[in-house]
Amino acid sequence: MASISCVVIGDSDFPKVLGKLGSHTDIALFNRRDGDFIFSFISPVTFPEKLQSLLHGVRLSSVAILFAKAVTPELGEAIVALDEYKIEKGMIVLDGLIKEQIEPLTRGTVLEGYSYSEKAYAPVIAALKEMSFEPVQGSLRLPLDHFFLTKTIGTVGVGRVERGAAVLHSNLTMLPTGKTVQVKSLQKQDENVKEAGYGVRVGVALKGVSADEIKRGYILTDRPEDFIVSASLQGEFRVNSFFSPGLEPDQKVQVTVGLQTETATITEIEGASRLRPGETASIAVVFDDARELVYEVGERFIVSRPELSGLRIVGSGTALG
Numbered sequence: 005m006a007s008i009s010c011v012v013i014g015d016s017d018f019p020k021v022l023g024k025l026g027s028h029t030d031i032a033l034f035n036r037r038d039g040d041f042i043f044s045f046i047s048p049v050t051f052p053e054k055l056q057s058l059l060h061g062v063r064l065s066s067v068a069i070l071f072a073k074a075v076t077p078e079l080g081e082a083i084v085a086l087d088e089y090k091i092e093k094g095m096i097v098l099d100g101l102i103k104e105q106i107e108p109l110t111r112g113t114v115l116e117g118y119s120y121s122e123k124a125y126a127p128v129i130a131a132l133k134e135m136s137f138e139p140v141q142g143s144l145r146l147p148l149d150h151f152f153l154t155k156t157i158g159t160v161g162v163g164r165v166e167r168g169a170a171v172l173h174s175n176l177t178m179l180p181t182g183k184t185v186q187v188k189s190l191q192k193q194d195e196n197v198k199e200a201g202y203g204v205r206v207g208v209a210l211k212g213v214s215a216d217e218i219k220r221g222y223i224l225t226d227r228p229e230d231f232i233v234s235a236s237l238q239g240e241f242r243v244n245s246f247f248s249p250g251l252e253p254d255q256k257v258q259v260t261v262g263l264q265t266e267t268a269t270i271t272e273i274e275g276a277s278r279l280r281p282g283e284t285a286s287i288a289v290v291f292d293d294a295r296e297l298v299y300e301v302g303e304r305f306i307v308s309r310p311e312l313s314g315l316r317i318v319g320s321g322t323a324l325g
C-alpha cells in the first residue's frame with residue numbers, strides 16, 4: 005500500500021475536501037484512504053503570517069499542490085520554499101491566474117515540471133496515484149510532528165517514516181535527547197500494525213518518555229550514530245537569487261533543519277564578508293542558548309529572516325559533518 009504526503013498551499017478549504025482532519029496545530033493534516041493508497045494532505049494553517057508553518061508543511065511532504073489565485077508575495081514565497089526543498093513532484097491549480105501568468109514565476113525552479121489540475125477531488129487524486137516514489141532503505145528515521153498524552157496508552161508521538169521501518173516492541177533512541185524509548189504500539193489509519201515502513205504516517209505509543217519531554221522535530225531511530233546532535237551547524241549554503249539583502253556574519257536568523265526551527269547567529273562565512281543573492285559559500289551558525297538540534301550530513305537546511313516583509317527565505321544549504 006502506497007503512502008503519499010502532499011502539502012496544499014494557497015487554499016485552506018481544499019484539504020477538507022481531500023481528507024478527514026487529523027493532527028492539527030500550526031499545520032493541519034487531512035487523511036484519506038483510497039483503494040491501495042493512503043494520502044496525508046498538509047495545510048500550513050498559519051502561513052503567510054508565520055513562515056515556519058509553510059517550511060514545516062513543505063518539509064513533511066513529497067508532493068505539492070499549489071493554488072495560483074493572484075500574483076502576491078505569498079505565492080512567490082511558496083514557490084521559493086518548494087524550490088529550496090526540491091519538491092520535484094506536484095501540480096498547480098489555476099484558480100484566478102492563467103498559465104501565462106504563473107509560468108514566468110516558476111521558470112528555472114522545480115515547479116517547471118509540475119502538471120496543472122482543476123480544483124476537484126477526482127483529478128487531483130488521479131494525478132497523485134500516477135506518481136511513484138522509491139522507498140528509502142536504511143536505519144529508521146522517524147521525525148515527530150505531533151505528540152500528546154492519552155489516558156489509555158500514555159505518550160503518543162505522530163510522524164512520517166522517512167527511512168527504514170518502525171517495529172513493534174523495538175527499543176529506539178530519541179534524538180537530540182538521547183533518551184531510550186520502547187515502541188508499545190503502532191497505529192496506521194486507526195489500525196494497529198506490527199511495522200510501519202517508508203512513507204507511512206504512524207502513531208507510536210512510547211514507553212520511557214513523557215509528552216512534555218518531546219518537541220517537534222525530535223527523531224526516533226535505531227542507529228543514533230548516523231546523526232549529529234549539536235548546538236551549531238556548518239554547511240554549504242546558497243543565498244536565494246530573489247533575496248536582495250544577502251547574508252552577513254553576526255546576523256540573527258532562523259534555521260530550519262528537519263522539523264526543527266531555532267534562532268541562530270551566523271558566526272562565519274568562508275572567504276567572504278557578505279554573501280550576495282545567488283552566491284554560495286560554506287557558513288557556520290550557532291543556535292541561541294546552546295540548544296542542540298539533530299541532523300544528518302547532507303541534510304538540507306533553510307535560513308530565514310521572519311521579521312522581514314516580502315521574501316523571508318534567505319536560502320538553503322546542506323549540512324556538513
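Going letter by letter, the sequence shown gives residues 5 to 325 in the numbering used here.
Glycine included, every Cβ here is placed at the ideal spot set by N, Cα and C.
Along the beta strand (DSSP E) that carries Gly314, what are the first and last residues, could you check?
Counting along the chain, Gly314 falls outside any beta strand (DSSP E), and DSSP gives it neither H nor E.
Is Thr29 buried or exposed, if buried means 16 or more other CB atoms sit within 10 Å of its CB?
exposed
Pick from Gly168, Asp15 and Pro310 that is closest to Gln258, judged by C-alpha positions
Pro310
C-alpha distance - Glu274 paired with Asp254, whole-angstrom precision
13 angstroms
In terms of DSSP beta bridges, what is Val162 paired with?
His150 and Gly207
Would you identify the three-state DSSP class for Tyr120, choosing helix, strand or coil?
strand
Would DSSP call Thr50 helix, strand or coil?
coil
What is the C-beta distance between Pro326 and Thr177, in whole angstroms, given that I count them as a contact (C-beta under 8 angstroms)?
Given a span of 5 to 325 for the chain in the structure shown, any question on residue 326 remains unanswerable.
Do you know offhand how far Ala169's Cα is from Arg145's?
8 angstroms
Would you kindly work out how many angstroms separate the C-alpha atoms of Leu279 and Val84, rounded to a whole number?
18 angstroms
If we call anything under 9 angstroms between Cβ atoms a contact, is Val185 one with Lys219?
no
Boundaries of the alpha helix (DSSP H) in which His28 is found, first to last residue:
Careful: His28 lies outside any alpha helix (DSSP H), inside the beta strand (DSSP E) at Lys24 to His28.
Contact set for Gly26: own chain, Cβ-Cβ below 6 angstroms, skip 5 residues either direction:
Leu33 and Asn35
Using alpha carbons as the reference points, say which of Ala215, Thr225 and Leu59 lies closest to Gly201.
Thr225
Going by alpha carbons, who is nearest to Tyr222 out of Val298, Ser277, Gln191 and Val165?
Val298
Which of helix, strand or coil does DSSP assign to Gln258?
strand
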